[in-house]
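In our numbering, the protein residues as written are 14 to 84.
By construction, the Cβ of each residue, glycine as well, lies at the ideal position given by its N, Cα and C atoms.
Have a look at the structure below, then the notes.
If you want it as structure tokens, here you go:
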């Protein structure tokens with residue numbers, strides 16, 4: 014899970030502005046968005062493995078930065 018999270022942060026940094034570890038923070042927020050929102054109503058543990066990271070962040074990982082193509 015951690016490795017896949019780092020890979021996605023790196024890929025987004027490569028395609029957009031490279032802001033280093035701050036990107037990891039942003040990606041982490043996106044990953045935990047729904048979990049944080051529902052945390053008060055759920056009992057038990059959450060497992061965040063590579064498959065969960067990939068599925069929750071697929072759109073972010075695949076999104077192209079179209080701003081660089083605008084003149």
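**Report entry** Whether residue 37 touches residue 19 by CB criterion (8 angstroms)
**Finding:** The count along the chain shown starts at 1 and reaches residue 37 at position 24. The count along the chain shown starts at 1 and reaches residue 19 at position 6. The answer is yes: Cβ separation under 8 angstroms.
Requested in this report: Could you pull out every residue in the same chain whose Cβ sits closer than 7 angstroms to the Cβ of residue 47, ignoring the five residues on either side in sequence?
Outcome: Taking the first residue of the chain shown as 1, we reach residue 47 at position 34. So no residue of the chain qualifies.
Requested in this report: Locate the alpha helix (DSSP H) running through residue 61, then write down its first and last residues.
Outcome: On the chain shown, position 48 is the one that residue 61 refers to. Here residue 61 belongs to no alpha helix (DSSP H), and DSSP marks it neither H nor E.
Report task. Give the single residue among 16, 34, 40 whose Cα lies nearest to the Cα of residue 69. Result -> Mapped onto the chain shown, residue 69 falls at position 56. The residue with the shortest Cα to Cα distance from residue 69 is 40.
Requested in this report: Enumerate in chain order the residues of its own chain whose CB-to-CB distance from residue 63 is below 8 angstroms, with the five nearest sequence positions on each side excluded.
Outcome: Locating residue 63 in the chain shown gives position 50, counting from the first residue. Within the same chain, residue 63 has close Cβ partners 14, 16, 17.
Query raised in the report: Does DSSP classify residue 53 as helix, strand or coil?
Result: For the purposes of this step, residue 53 is taken as the residue at position 40 of the chain shown. DSSP places residue 53 in helix when its eight states are reduced to three.
Query raised in the report: In three-state DSSP terms, what is residue 42?
Result: Within the chain shown, residue 42 is the residue found at index 29, counting from 1. Residue 42: helix per DSSP, three-state reduction.
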